[in-house]
Amino acid sequence: MKARLIPVEEAVGMVIPHDLTEIRPGEFKGRAFKKGHVIREEDIPRLKRMGKDHIYALELEEGELHEDEAALRLARAVSGPGITYGEEIKEGKVTFYAAHDGLLKVDTERLYQLNLLGEIILSTKHTDFFVRKGEAVAAGRAIPLVVKEDLLEEVERLTTNGGILSVKEPRLKRAGLVITGNEVYYGRVEDAFVPALTPKLKAYGLEVAGVRFCPDDKDFIARTLKETLASRVDLVLVTGGMSVDPDDVTRHAIASLGVEDLVYGSPVLPGAMFLVAYCGEVPILGIPACGMYFRITVLDLVLPRLICGERITRADIARMGHGGFCFGCKECRFPVCPFGRGAS
-7 MKARLIPVEE
3 AVGMVIPHDL
13 TEIRPGEFKG
23 RAFKKGHVIR
33 EEDIPRLKRM
43 GKDHIYALEL
53 EEGELHEDEA
63 ALRLARAVSG
73 PGITYGEEIK
83 EGKVTFYAAH
93 DGLLKVDTER
103 LYQLNLLGEI
113 ILSTKHTDFF
123 VRKGEAVAAG
133 RAIPLVVKED
143 LLEEVERLTT
153 NGGILSVKEP
163 RLKRAGLVIT
173 GNEVYYGRVE
183 DAFVPALTPK
193 LKAYGLEVAG
203 VRFCPDDKDF
213 IARTLKETLA
223 SRVDLVLVTG
233 GMSVDPDDVT
243 RHAIASLGVE
253 DLVYGSPVLP
263 GAMFLVAYCG
273 EVPILGIPAC
283 GMYFRITVLD
293 LVLPRLICGE
303 RITRADIARM
313 GHGGFCFGCK
323 ECRFPVCPFG
333 RGAS
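For the sequence shown, counting from 1, position 291 maps to 283 in our numbering; every step adds exactly one.
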């Protein structure tokens, strides 16, 4: 790059080679002059108030890219399914958005490799974060005004097999609830699980396709689970009976169905006695009593992934131990908090 410093008083009629930002503390921060603007006599006082006594006259050499072109090529390279970005790049910056509701997926290893290159950066929200259509999920930037083209070619090689960012669409639509416990079945106490779980499911667009109640009877629970599965639900949540007490037989009823990939117990608090298993492709979740009393539990960590078609394994559950201890904040701000983010 060849650059000449030109006093602004002598720059009338010249083209500004890059966006110029103006900062007025407490009032405004943003683009004052767009790349390509032809400087006029009346622009000079404003430029000087911005501290611009000189402007650059740039001449790009072969193999060099302007910051905006570099940012656009970065955007095209790292964007995968479910990701959009604005075609108008400002000041070498590009923001990425979710094209639809779903699970944000970030290839963290390739993100790391990209950010090792220097001169360009990509900053993202956590992978496995459930995002909404139009939500900003990441931003990238060219650091210098001019970037070597071979650096962008390296980014493009890094993303040959797909983008670094994507959003998985929700796939599960219908959930069945099975509420167990003698105390509820026989009317001794009022159920607290349905009012606790229903809003969570509906927040992800899931229809509650039926609620069934069972006593603490293994065979009764097993029959009810079969009926629920036969009603063509995509997900089954079973509550209560998840501890080691002699009356708690729910997990044994689930196991008796011949389920696959059963995992009982999680290193997440609240949620230690959580269960996940599969009957074919249908996930069955065992929700311990903490699901009634705590606003956020292990369920909130696995539900977004399940809804978007991911199969939760023992390894996935084991990784949740890092960051799986809830802070117990007086004012809960989940999901904008560290709970459950260490596994990502």
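Don't be surprised by glycine CBs; every beta carbon is placed ideally from N, CA and C.
- Bridge pairing for Ile47: Ile(-2) [DSSP].
- Taken in chain order, the complete beta strand (DSSP E) segments of 3 residues or longer contained in the region 203 to 258 are 227 to 231, 252 to 256.
- Arg311 sits in a helix when the DSSP states are folded into three classes.
- Note: Ile15 is bridge-paired with Lys21 in the DSSP secondary-structure output.
- Boundaries of the beta strand (DSSP E) around Val138: 138 to 140.
- For Glu59, the enclosing alpha helix (DSSP H) has its first and last residue at 59 to 70.
- Put simply, the backbone Cα of Tyr89 is about 28 Å away from that of Thr190.
- Unbroken alpha helix (DSSP H) runs of no fewer than 4 residues, entirely contained in the region 116 to 170, are found at 141 to 150, following chain order.
- Contact between the region 100 to 115 and the region 62 to 73 is present, with at least three C-beta pairs closer than 8 Å.
- Contact holds between the region 209 to 218 and the region 240 to 248, because three or more Cβ pairs, one in each stretch, are under 8 Å apart.
- Residue pairing for Val200: DSSP places it in a beta bridge opposite Ala167.
- Distance check between Lys85 and each of Tyr77, Val159, Val274 places Tyr77 closest, using alpha-carbon atoms only.
- By the CB criterion at 8 Å, Lys160 and Cys329 fall outside the cutoff.
- CA-CA distance, Gly334 to Glu1, rounds to 55 Å.
- Between Val255 and Arg311, the gap from beta carbon to beta carbon reaches 8 Å or more.
- In the DSSP assignment, the residues bridged to Leu95 are Phe122, Lys160.
- Here the region 88 to 103 does not lie against the region 172 to 180, with fewer than 3 beta-carbon pairs under 8 Å apart.
- When C-beta atoms of the region 224 to 238 are compared with those of the region 261 to 274, three or more pairs fall below 8 Å, so the two segments count as touching.
- With a cutoff of 8 Å on beta-carbon distance, Ile279 and Gly155 are scored as not near each other.
- Ile171 and Arg204 have their C-alpha atoms roughly 6 Å apart.
- Between Leu164 and the set Ile36, Pro296, Lys27, Ile31, the nearest pair of CA atoms involves Pro296.
- Of the candidates Thr220, Ala91, Pro162, the residue whose Cα lies closest to the Cα of Lys194 is Pro162.
- In this chain, the alpha helix (DSSP H) harbouring Ile299 covers 290 to 299.
- For Phe185, the uninterrupted alpha helix (DSSP H) run begins and ends at 185 to 195, by DSSP.
- Counting along the chain, Ile81 sits inside no alpha helix (DSSP H), nor does DSSP assign it H or E at all.
- For Glu54, the closest C-alpha among the options Lys21, Gly72, Val138, Asp35 is that of Val138.
- Within the model, the alpha-carbon separation for Glu61 versus Leu108 is close to 20 Å.
- Within a 10 Å sphere around the beta-carbon of Thr116 sit 16 or more other beta-carbons, which makes this residue buried.
- Contact between Gly168 and Gly132 does not hold, since the beta-carbon distance rounds to 42 Å and is not under 8 Å.
- A distance of 8 Å or more separates the beta carbons of Asp209 and Gly173.
- By the beta-carbon neighbour count (other beta carbons within 10 angstroms, threshold 16), Gly316 is buried.
- Around the beta carbon of Pro(-1), fewer than 16 other beta carbons sit within 10 angstroms, so the residue counts as exposed.
- Closest by C-alpha distance to Thr119, out of Glu127, Gly126, Asp99, is Asp99.
- As the crow flies, the alpha-carbon of Glu127 is around 43 Å from that of Val236.
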